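Some notes on the structure that comes next.
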Amino acid sequence: MSKLPENLTVDILSRLPVKTLSRFKSISKDFLTYLSDDHFFHQLHRLRSQKYPFVLSVTFSVEKEPLATVHISSSDHRGQPINQFAKKIEIESRPVADLLPSHHHLVCIASRNNIYICNPSTEELLPLPPSSVLRKFCPAVGFGYLPSKKEYKVLKLSYLQVDLDDPNNWVIEAEILTIATPTNNLCEVYFSLWRVLKEKCPYVVEGPSVFVNGFVHWKIHKNPLWVQIRGGDERILSFNLEEEKFQTLPRPLSVTGYDSEFELAGIRGNLWLVEYTHESFVMELWVLKDWENPLWKRECRIDCRTIGKDIGARMMHPLDFQNAEEILFRVDEFGLIRYNVKNKTYSDLREEKSSFRFCYYTDGFLSF
């Protein structure tokens, strides 16, 4: 391969996953240079990785609290396995942790009191340092990547003051930790200290966060009294990761919430809202079409009774739109199913427990 023209060598290497390339460093000095210092090679590899992101699957097995094992596996866009490894983490009394993608190289695994940053490509998993804020209640975590600044940000909400009788008497501290990649270094990342924002979080949130287009989104707590006091019909809290400011986002007008529940999903660069009505077993999927003047469009309506009594009675969590007709869902305690919107049919894909998590990430060389 060393006799090949340099441009052809670089082109071939840029098509290989980091897991494979890491084995080449000891073969020759040229390979070591490409993988360590060649800006053109890294740029070409990054562009191709962004075009074809990898699929990350994560499961958790609790051995003896607080210790657990996180099992991480990845595959390419064709479904071919790329990598598989396991790490020990602490997840306290919560049965699973949240998997938060950045739509870039790194992912975040957040449990009740511990936050981990992981690069699946290099098999590195690092716990973040504890913050200076004395936590009163379980924090919520947001995570995302800002290409304009070439940095990741971790947002943590800590409930310092809790008043179950008065939602206006909650104090929710917001903290930011930045993970930066200097332009003069291709692989190493640098972690800042936690810093407390002046602006307090205005709402109690629930559920895992969703990162889309520079914003971290949460559901505002579903208690109708709290929403009436503090937010009217606005049921979504958004955080601008670059400007570091909170704002609210209105839900679709037909999503009443009285006999239904909804959740948010970030799918292929879009913010989705999924509403499930318990009485009718109907699920509606909405996508946010206009960010400046929030406009929601209903993309499809699913009668969950057509899926089966056992599955249809449970909340289905959309993971991906794999083509114009098929949606990939995670169903609690049942695993993955693929639903065809046009034919109204579904197929079981694999058996997984409710601890199964799934996201996309970009193959990359970043190292801690």
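Residues in the sequence shown are numbered consecutively from 1, following the UniProt record's numbering.
Even for Gly, the Cβ is constructed at its ideal location relative to N, Cα and C.
Here the structure is a predicted model, which is why all the values come from computation and not from measurement.
Environment of residue i [buried if 16+ CB atoms lie within 10 Å]
i, result
"residue 52", "exposed"
"residue 162", "exposed"
"residue 40", "exposed"
"residue 235", "buried"
"residue 306", "exposed"
"residue 165", "exposed"
"residue 249", "buried"
"residue 292", "exposed"
"residue 27", "exposed"
"residue 86", "exposed"
"residue 6", "exposed"
"residue 195", "exposed"
"residue 219", "buried"
"residue 363", "buried"
"residue 15", "exposed"
"residue 158", "buried"
"residue 347", "exposed"
"residue 337", "buried"
"residue 8", "exposed"
"residue 58", "buried"
"residue 327", "buried"
"residue 278", "exposed"
"residue 357", "buried"
Range covered by the beta strand (DSSP E) that runs through residue i
i, result
"residue 141", "140-146"
"residue 221", "Premise fails: residue 221 is in no beta strand (DSSP E) and is neither H nor E."
"residue 84", "81-90"
"residue 204", "First-last for residue 204: undefined, no H or E at that position."
"residue 277", "270-277"
"residue 108", "107-110"
"residue 286", "282-290"
"residue 250", "245-250"
"residue 260", "260-267"
"residue 101", "98-101"
Closest by C-alpha distance to residue i, when choosing among the options
i, options, result
"residue 146", "240, 270, 15 and 45", "240"
"residue 271", "7, 336 and 288", "288"
"residue 201", "148, 165, 142 and 280", "142"
"residue 187", "304, 126, 24 and 366", "366"
"residue 60", "286, 121, 72 and 217", "72"
"residue 246", "262, 63 and 173", "173"
"residue 151", "129, 179, 159 and 128", "179"
"residue 70", "5, 54, 129 and 89", "89"
"residue 21", "4, 5, 82 and 331", "82"
"residue 369", "251, 329, 324 and 317", "One cannot answer for residue 369 here, as it falls past the ends of the chain, which runs 1 to 368."
"residue 113", "50, 105, 280 and 97", "97"
"residue 242", "47, 208 and 177", "177"
"residue 321", "268, 58 and 203", "268"
"residue 370", "123, 104, 209 and 158", "The first residue shown for the chain is 1 and the last is 368, placing residue 370 beyond what the model contains."
"residue 325", "118, 340, 301 and 317", "340"
"residue 209", "77, 111, 50 and 301", "111"
"residue 75", "18, 116 and 68", "18"
"residue 120", "99, 139 and 129", "99"
"residue 128", "297, 4 and 193", "193"
"residue 265", "280, 207, 45 and 281", "207"
"residue 66", "91, 214 and 301", "91"
Three-way DSSP call (helix, strand, coil) for residue i in this model
i, result
"residue 178", "strand"
"residue 338", "strand"
"residue 49", "helix"
"residue 150", "coil"
"residue 43", "helix"
"residue 24", "helix"
"residue 306", "helix"
"residue 162", "coil"
"residue 240", "strand"
"residue 18", "helix"
"residue 359", "strand"
"residue 323", "coil"
"residue 169", "helix"
"residue 229", "Confidence at residue 229 is low in this model, with a pLDDT of 49, below 50, so its placement is unreliable and the value that follows should be read with caution. Three-state result, residue 229: helix."
"residue 120", "coil"
"residue 64", "strand"
"residue 76", "coil"
"residue 296", "strand"
"residue 54", "strand"
"residue 344", "coil"
"residue 199", "coil"
"residue 211", "strand"
"residue 3", "coil"
Nearest-angstrom Cβ-Cβ length linking residue i and residue j, presumed shorter than 8 Å
i, j, result
"residue 56", "residue 276", "About 26 Å separates the two Cβ atoms, so there is no contact after all."
"residue 131", "residue 156", "7 Å"
"residue 144", "residue 191", "About 16 Å; that fails the 8 Å criterion."
"residue 217", "residue 204", "With 8 Å as the limit, residue 217 and residue 204 do not qualify as a contact, their Cβ atoms being about 15 Å apart."
Span of the alpha helix (DSSP H), counted from its first residue to its last, around residue i
i, result
"residue 7", "6-13"
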